[in-house]
Structures are given as C-alpha cells and as structure tokens.
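J.: Chains as they are written, first to last, in the working numbering: chain A, 1 to 164; chain B, 1001 to 1141. Where is the CB? At the ideal position from N, CA and C, for every residue including glycine.
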C-alpha cells in the first residue's frame, strides 16, 4: 500500500515535471496538470536493509572503540573493522539514496559495545547477532541481495575464528 | 527458479574439493593434517546431500571427474595450504551463486555451506600467514 502510494507520488512528480516543460514551451499559462506542491523529492519506502546497515555501522564503532582501548589487538581487529565498513558501503549502495542519505555514515556515540576485558567476547556476540540478522533477511529477500546477505553472514561467522 | 544448474555447479565444486583435499592432505602434518582429513569428509557429506537434492528434483547429479588438474604443483606445506584456501573459495563461490535460486531449507543449506567454506578458508589463511588479514568481506564473490 505504502509502496503504491510512493509510486503514485513519484509518477505525479514526473508528470508535474513534464507539465512544466509543456507549460514553458507550448501551453503557457494553461496548466495541463496541477503543479503539485513543488517540493522536489518524493518519499521512498523504508528498505528492509536499513536495520542491517545501522547494525554494521554500530559494529564499526565497536571495533573503533576496542582498537582505541586495546592497541595490542589493533592489528588483529583492523581487518575485521574494514570488512564491516565494506558491508555498510555495499548495503548503503542498495538502498534508495532518499532513505540512505538520512542514515549517518557513522554510528551515533553510545552505539558501540563498551570496551572491557571481555571486549573480544562482546565483539563475537555482536558478530553472531549480526550474522543471524543477515541470514533472516537473506531468507526473506530475492536475487543479488540474497547473495550479498549470505556473504555478509558468512563473513561475520569467519570473524569468530579471529576473535576466538 | 533455476536451482538445478546452480546445484550441479555446487556439486561439481564439492567433487573438486574432495579430490583437492586428497591431494593436499599428505603435505600437511599435525593439527592441519587432521583438519584436512575432517574437511574432506565434510565435503563428502555435502556432496551426498546435494546429490540427493538433485535426485529429488529429478536431475541426474554430475559425476566427479576421474582426476582434476591442480592449479599449481602441490609440494610442501605452503602450497598445500594455498590449495586448501583456493578450494574453499571456489566452493564458497558456487554456494553463494546458488543462494538466490533456492528457497526455504535449501537456501539455508546453501548459506550454511557458504559460511562453512568462509570459516575454513579463514582458518587455512591463518595457518599460512597468521599476520596477514585472514578474512574477506564478501566470501564467495
């Protein structure tokens, strides 16, 4: 339903644009279609990938915090952080920019798990939760997105080898 | 749904992996040797599962080749580990490609297979070069 509405809004926007051209060239002063409210961008529906994008960004923040707190682990943790940053980038690229642009590129402060002596265990837990979320999403989606989500879940499981 | 060709490709990759582990195993010792033996059995089990799926779909499972050309000569530990990594990466790619074509329990099987390949590839990479990055962001790509 919301999808239909969004599509209709999109269509109206496109027609309003076409009407604008018509008005300027041939039908000056005589609007073929109502101009609409003039606000440029129609809204997009929420994307099911959005929560996973947010979760990946939170993981990046958790790794940043762990690396800052435990420099001895930096060499081990940095490649894992890079994997999550790549996941976030891939997810963002598949979300309508009208929605994706509203999601900050960095997780808000406080999203990261606290760095303690159990940092590795906390990271491993977060990896497991994220992998499960990616699998659930994978089972409910189609096409290339499903393959991407399967890869993300597989990557996060492989991180457990490094965190163990 | 175009599951059958993807499952056949996954089966072919499993056949190749079984052959490859047979070739590389003798070049490893200790825990790595044990892991290789275990992994070969895991690929055999997966092969049987996929073959059964194909039969259920009334397709004839592709047979194994009699022999496979190894991508490079496998002499010594490093080459054996490199081959193990490559086998897991190729099998991962076949399973990843199958994911969108499968549904329900079959898709779960493909995700599990992809995940296990990624985990094993990471273990082998770490055995080969513990200080280099041992994971990839998108296993199977």
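Have a look at B:1068, B:1104 and B:1102 and flag the residue whose alpha-carbon is nearest the alpha-carbon of residue 1017 of chain B.
T.: The residue with the shortest Cα to Cα distance from residue 1017 of chain B is B:1068.
J.: Taking 7 Å as the threshold (beta carbon to beta carbon), is residue 1114 of chain B in contact with chain A?
T.: Interface residue, yes.
J.: Specify the secondary structure class of residue 1017 of chain B as computed by DSSP and reduced to three states.
T.: Helix at residue 1017 of chain B.
J.: Note down the Cα distance separating residue 144 of chain A from residue 1096 of chain B, rounded to an integer number of angstroms.
T.: When rounded, the distance between both Cα atoms is 10 Å.
J.: Given residue 1043 of chain B, which residues of its chain have a CB within under 8 Å of its CB, disregarding the five upstream and five downstream residues?
T.: Result list for residue 1043 of chain B: 1014, 1017, 1018, 1021 and 1091, in chain order.
J.: Within its chain, find whatever has a CB closer than 7 Å to the CB of residue 1122 of chain B; leave out the 5 residues flanking it on each side and keep chain order.
T.: Excluding residues within five positions, the ones whose Cβ falls inside 7 Å are 1134 and 1135.
J.: Just checking, does the stretch 42–53 of chain A make contact with the stretch 68–80 of chain A on the three C-beta pairs under 8 Å criterion?
T.: No, the stretch 42–53 of chain A is not in contact with the stretch 68–80 of chain A.
J.: State the Cα-Cα distance for the pair residue 149 of chain A and residue 124 of chain A, rounded to the nearest angstrom.
T.: Going by the C-alpha atoms only, they are around 18 Å apart.
J.: Within 10 Å of its beta-carbon, does residue 1055 of chain B have 16 or more other beta-carbons around it, so buried, or fewer, so exposed?
T.: Per the 10 Å Cβ criterion, exposed.
J.: Would you list, in chain order, the members of the stretch 121–141 of chain A that have their beta-carbon closer than 7 Å to a beta-carbon of chain B?
T.: Within the stretch 121–141 of chain A, the qualifying residues are 135, 138 and 139.
J.: Quick one: any contact between the stretch 1096–1115 of chain B and the stretch 1073–1085 of chain B, if contact means 3 or more CB pairs under 8 Å?
T.: No: fewer than three Cβ pairs fall under 8 Å.
J.: Does the Cβ of residue 118 of chain A have 16 or more other Cβ atoms within 10 Å, making it buried, or fewer, making it exposed?
T.: Residue 118 of chain A is exposed by the Cβ-count criterion.
J.: Have a look at residue 140 of chain A and residue 127 of chain A and give me their C-alpha separation to the nearest angstrom.
T.: Each residue's alpha carbon lies about 20 Å from the other.
J.: Which same chain residues, not among the five before or five after residue 1070 of chain B, have their C-beta less than 8 Å away from its C-beta?
T.: Same-chain partners within the cutoff: 1020, 1023 and 1083.
J.: Could you tell me the alpha carbon to alpha carbon distance between residue 57 of chain A and residue 1106 of chain B, rounded to whole angstroms?
T.: Computed Cα separation, rounded: 30 Å.
J.: Is residue 71 of chain A close to chain B, meaning its C-beta is less than 7 Å from at least one C-beta of that chain?
T.: No - not a single Cβ of chain B is within 7 Å of the one on residue 71 of chain A.
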